[in-house]
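Visitor: Would you mind keeping the following structure in view while I ask a few things?
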Amino acid sequence: MIVPRSSPVSTGSDRTSPVLSSRATNSIVESVKYLPHYEKMIVPRSSPVSTDSDWTCPVLSSRATTSIVEIDKYSIATGDLRVLKVVKNRVHTKVVDQKINGSATDIFLEKPSSFIQEQFFKVSLLRCVCLRLNVITMDQIYRHGARAPVYSYPNDPYLDQTVYWPRGYGQLTQLGEQMHFELGSFFRQRYSSLLPLEYNVNDTYIRSTDVDRTLMSAQSNLAGLYPALDEETTDKIFWQDIPIHTVDEDNDELLQSSYSCSRYTYEAALVTSSKEYLCVEEKNTAMKEYVANYSGSSASLVYDVIKAEYEHGLTLPDWTSEVFPEPLSSYASFGMFASLAGTKELERILTGKFFEELSTNLQAKVNSTLSPDRSLFVYSAHDTNLLNLLHTLRVWNGKIPPFASSILFELRLNSLSQYVVTVSYRNSSSEAPHLLNVTGCSSPACPIDEFITILNNIIPEDYDTECAVVPSSDQTIEFIIPKEGMS
């Protein structure tokens with residue numbers, strides 16, 4: 001489990017499960033939050049104290065008790081390692097300071113803190129099994145970076161577009177470019193052993209929606225993922241020119257099926273007229289009236305505007321403090337969810353094509369039939385895409401995916417030569433990706449057969465037929481109520 005340096009006395013409020021990465025290897029450590037659900041805990045193949053570039057898996061379990069390793073999330077950068085394990089009824093903490101002199105200090109805590117008792121003793125009967133998980137291929141889909149508002153509202157103090165949004169409404173800003181350059185740089189470090197420094201068509205494929213901000217985000221991301229080579233290689237053009245593929249939105253079944261699938265409008269209308277949806281609208285009547293009174297526009301539209309202004313450091317009007325970020329953020333999240341993933345049919349027609357391509361890529365890689373035999377598939381898209389994918393896998397956290405957030409589908413090979421898939425969500429540049437526990441998988445390191453079965457239950461058998469058929473108007477729907485804290 002990757003934890004902050006202060007972990008042994010932490011309150012345990014941070015329950016994220018980020019993925020540990022290094023230049024030497026691609027390993028993951030499964031968080032304690034998932035341990036009760038399976039019998040394997042994945043640990044790095046060696047201690048970061050080791051100077052050997054090849055890591056070896058330390059055996060930490062014994063017949064008498066279960067040992068649990070706690071890796072400081074900053075240890076890769078600092079060389080500082082904290083190892084905590086259960087020894088009979090005591091907690092044994094060894095602090096190794098590699099940076100100074102490699103000395104080790106053993107500390108026994110006779111009365112462990114409440115955090116340790118809660119997070120570690122509850123899994124004392126669990127077997128700890130070491131596995132090596134090397135990334136074989138990766139499909140990632142991300143949201144574009146920070147942009148200007150798509151619209152404005154009548155009382156917006158920042159209506160002067162030439163001053164505040166000189167590139168135009170809805171366009172990627174310099175902040176958005178920087179976000180994606182950072183994200184691309186993050187993946188360059190994460191997958192340095194998987195991707196060569198120079199772009200090759202046989203290694204990487206990039207697809208984007210046909211929207212300026214997603215195309216520009218992909219360009220910025222690639223500048224970080226494939227940084228400029230030396231001047232001679234680039235002939236004094238200080239970047240690697242990399243193709244980004246797209247199709248017009250009306251024909252984009254992969255990433256914009258709400259435009260290409262005629263049934264979408266019908267299904268979305270069913271949701272917005274359902275009693276569940278109308279109940280939420282009624283509960284938010286006072287808030288909506290408040291926003292309309294001050295802004296001269298609807299709450300859902302105003303949220304998009306003030307969120308963009310907030311991200312760019314603009315001072316929001318005083319009246320917004322009553323509704324932003326809450327309850328306006330939750331209201332906007334529910335509205336987006338309902339119109340995109342409120343029913344299983346919406347899930348199928350809006351995510352089916354993407355999951356079909358993902359399934360094809362994964363199975364072809366496993367069967368050695370992928371041609372070209374690429375290692376990276378990149379999709380530049382929108383918050384709507386990420387929300388829908390996360391919810392369909394039942395790992396959505398109830399919030400609109402932020403700018404430059406990304407979902408990672410990684411095919412890995414463990415030490416038993418078994419293929420597994422991990423799904424991670426990076427929604428902050430200050431944190432490592434969160435390892436997700438997909439519903440239907442026996443482990444966050446999901447066996448490939450289990451993962452493909454999950455996808456097959458989502459993928460429409462005949463997409464064109466499913467999109468073309470509009471049921472009778474008296475059809476009832478099964479509205480899906482999102483659970484709080486899914487991810």
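Be aware that the sequence shown starts at 1, since it is given in full-length UniProt numbering, and climbs by one per residue. A virtual CB, placed ideally from N, CA and C, is assigned to each residue, including glycine.
Thinking residue 328 and residue 158 are a contact (beta carbons under 8 Å), I'd like their distance in whole angstroms, please.
Guide: The Cβ separation is near 17 Å, so there is no contact.
Visitor: Which one of 307, 425, 409 has the shortest CA to CA distance from residue 451?
Guide: Of 307, 425, 409, the residue nearest in Cα terms is 409.
Visitor: Any idea what DSSP makes of residue 388, helix, strand or coil?
Guide: Three-state DSSP puts residue 388 in a helix.
Visitor: Are the Cβ atoms of residue 291 and residue 153 separated by less than 7 Å?
Guide: For residue 291 and residue 153, no; Cβs fall outside 7 Å.
Visitor: Using a Cβ-Cβ cutoff of less than 8 Å, which residues in the same chain neighbour residue 438 once the five nearest sequence positions on both sides are dropped?
Guide: Counting only Cβ-Cβ distances below 8 Å, and skipping sequence neighbours, we find 393, 394, 395, 423, 444, 446, 451, 454.
Visitor: Rounded to whole angstroms, what's the CA-CA distance from residue 242 to residue 222? Just pull it up for me.
Guide: Cα-Cα distance, rounded: 8 Å.
Visitor: Roughly how many whole angstroms lie between the Cα atoms of residue 365 and residue 137?
Guide: Those two C-alpha atoms are separated by around 8 Å.
Visitor: Whole angstroms are fine: how far does the CA of residue 286 sit from the CA of residue 296?
Guide: The straight-line gap from Cα to Cα measures roughly 15 Å.
Visitor: Considering Cα atoms alone, identify which of 219, 384, 197, 262 is closest to residue 230.
Guide: Residue 230 has its Cα closest to that of 197, out of 219, 384, 197, 262.
Visitor: Identify the continuous beta strand (DSSP E) that holds residue 139 and give its terminal residues.
Guide: From DSSP, the beta strand (DSSP E) with residue 139 extends over 134-143.
Visitor: Would residue 166 be called buried (16 or more neighbouring beta carbons within 10 Å of its own) or exposed?
Guide: By the neighbour-count rule (16 or more Cβ atoms within 10 Å), residue 166 is not buried but exposed.
Visitor: Any idea what DSSP makes of residue 381, helix, strand or coil?
Guide: Strand.
Visitor: Is it the case that the CB of residue 353 approaches a heavy atom of the ligand FAD more closely than 6 Å?
Guide: Inclusion of the ligand FAD in the displayed structure is not the case, the ligand content being empty and no account of it being possible.
Visitor: Distance, Cα to Cα, residue 344 vs residue 468?
Guide: Roughly 17 Å between the two C-alpha positions.
Visitor: Below 6 Å CB to CB, which residues in the same chain sit around residue 193 once its five sequence neighbours on both sides are set aside?
Guide: Within the same chain, residue 193 has no close Cβ partners at all.
Visitor: Closest to residue 325 by CA distance: which of 303, 135, 134 is it?
Guide: Nearest C-alpha to residue 325: 303.
Visitor: Contact between the region 335-353 and the region 168-185: three or more CB pairs below 8 Å?
Guide: Too few Cβ pairs lie closer than 8 Å, so no.
Visitor: Could you work out which residue in 294, 420, 340, 436 is closest to residue 426 when comparing CA atoms only?
Guide: Selected option, being the one with the closest Cα: 436.
Visitor: Could you round the C-beta distance between residue 207 and residue 172 to whole angstroms and report it? I think they count as a contact, below 8 Å.
Guide: Not confirmed; about 17 Å, so no contact.
Visitor: Look at residue 448 and residue 355 and say whether their C-beta atoms are less than 7 Å apart.
Guide: Contact: no.
Visitor: Among the residues of its own chain, which have a CB less than 7 Å from the CB of residue 288, if the five just before and after it don't count?
Guide: Result list for residue 288: 299, in chain order.
Visitor: In angstroms with no decimal places, state the Cα-to-Cα distance between residue 255 and residue 246.
Guide: Roughly 10 Å between the two C-alpha positions.
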